[in-house]
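Heads up, the sequence shown is in my numbering, so the first residue is 27 and it goes up one at a time.
Here the structure comes first, spelled out in structure tokens, and everything after it is commentary.
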Amino acid sequence: MIRDLLSGRVAVVTGGTRGIGLAIVRKFLEQGAKVILFGSRPETANQTVETLLSEGTGSEVTGMSPKLSDYAEVEATMQKIIHKFGKIDILVNNAGVSARDSFYDYTENEFDKIMDLNVKAMFCCCRAVAPEMKKQGGGCIINTSSMVSLYGQPAGVGYPASKFAVNGLTKSLARELGKDQIRVNAVAPGVTKTDMVSSLPEEIMARMAASIPLGRVAEPEEIANVFLFLASDLASYVNGAVVSVDGATIC
Ligand code: NAD
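Put into structure tokens, the structure is as follows:
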């Protein structure tokens with residue numbers, strides 16, 4: 027059993043209330059980190075914290091809910107965290123939304139909504155945290171991409187476009203911030219059992235599972251394990267990587 031990989035570290039995880047984000051929060055807490063999870067609403071963030079505390083999954087967990095695409099609000103929130111915890115060692119940009127509308131029905135509003143959360147919010151969080159990490163002597167940023175960032179997808183164009191942008195942001199920041207000992211990486215999950223895909227009809231899920239060489243979709247914990255590796259000192263020389271965790275899916 028691996029223990030204490032993140033002992034003494036302070037981690038912020040956006041979209042930490044369910045799915046992949048919640049699995050990351052659990053992993054980080056189990057490995058000794060103090061975690062501040064962000065949710066879209068105060069009620070869901072607080073409810074998640076209460077659940078984690080009642081499960082005994084670590085006592086060092088706090089919930090917050092800034093509007094992630096509002097830079098001033100994000101910066102103020104990060105400053106509050108630094109005031110309370112002294113630093114931020116790890117930032118996980120995981121909050122994301124998708125939509126699978128056909129291009130002929132795709133609205134400007136839908137495109138803006140996806141870009142706002144999947145890309146602009148990531149910029150805001152990185153921009154607010156990186157100067158603090160530089161002052162501290164280093165840090166680690168991990169962004170949630172997707173396997174569609176490698177292949178595109180035949181519907182819902184905003185989502186793959188946003189994830190291509192996530193990879194661009196990740197690789198560029200890795201090159202710019204590496205000199206300040208800030209490692210920036212991304213994880214590109216394949217289809218994972220979360221609310222994001224729960225509305226897909228069963229036969230589509232079954233067809234997708236059958237097309238994956240491992241013969242099944244991923245559990246959130248299997249994705250979170252890779253975040254844990256990247257956040258830990260085991261990944262001290264990993265920078266600018268987009269790590270596929272998709273069971274060798276070919277879209
Ligand atoms: P999910 O829908 O279960 O979780 C999404 C998270 O984002 C939630 O915690 C939610 O509170 C948060 N969120 C949504 N809208 C928000 C908003 N406006 N402001 C702040 N937070 C908001 O989905 P998930 O599958 O756990 O997705 C997590 C990440 O993984 C996303 O970036 C998604 O694109 C990516 N991903 C998921 C899959 C998959 O198959 N599930 C595959 C590849 C990548």
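C-beta atoms are modelled at their ideal positions from N, C-alpha and C, and glycine is treated no differently.
Keep in mind the model is a prediction, meaning the values are calculated, not measured.
- Taking 4 residues as the minimum length, the alpha helix (DSSP H) runs contained wholly in the segment 169-236 are 174-177, 184-203, 221-224, in order along the chain.
- For C152, the three-state secondary structure derived from DSSP is helix.
- For N119, the enclosing beta strand (DSSP E) covers residues 116-119.
- Between L55 and L78, the CB-CB gap stays under 8 Å.
- For S80, the enclosing alpha helix (DSSP H) begins and ends at 68-81.
- In the structure shown, T103 falls within a helical segment according to DSSP collapsed to helix, strand and coil.
- I28 sits in coil when the DSSP states are folded into three classes, being neither helix nor strand.
- Within a 10 Å sphere around the beta-carbon of L203 sit 16 or more other beta-carbons, which makes this residue buried.
- Positions of the alpha helix (DSSP H) runs, each at least 4 residues long and wholly inside the segment 32-65, are given as 45-56 in order along the chain.
- Taken through DSSP and simplified to helix, strand or coil, I140 comes out as helix.
- C-alpha of T40 to C-alpha of G112: approximately 19 Å in a straight line.
- According to the DSSP assignment, V252 belongs to no beta strand (DSSP E) but to the alpha helix (DSSP H) extending over 246-257.
- Counted as a single uninterrupted DSSP element, the beta strand (DSSP E) harbouring V87 occupies residues 87-90.
- About 5 Å separates the Cβ atoms of N169 and N119, confirming a contact at the 8 Å cut-off.
- The three-state secondary structure of I108, taken from DSSP, is helix.
- Sixteen is the threshold: since fewer than 16 other Cβ atoms of the shown chains lie within 10 Å of the Cβ of P68, the residue is exposed.
- The beta-carbon distance between G216 and T275, rounded to whole angstroms, is 4 Å. This is short enough to meet the 8 Å contact definition.
- Per DSSP, reduced to three states, the secondary structure at V269 is strand.
- When beta bridges are read from the DSSP output, C166 appears opposite I116, R209.
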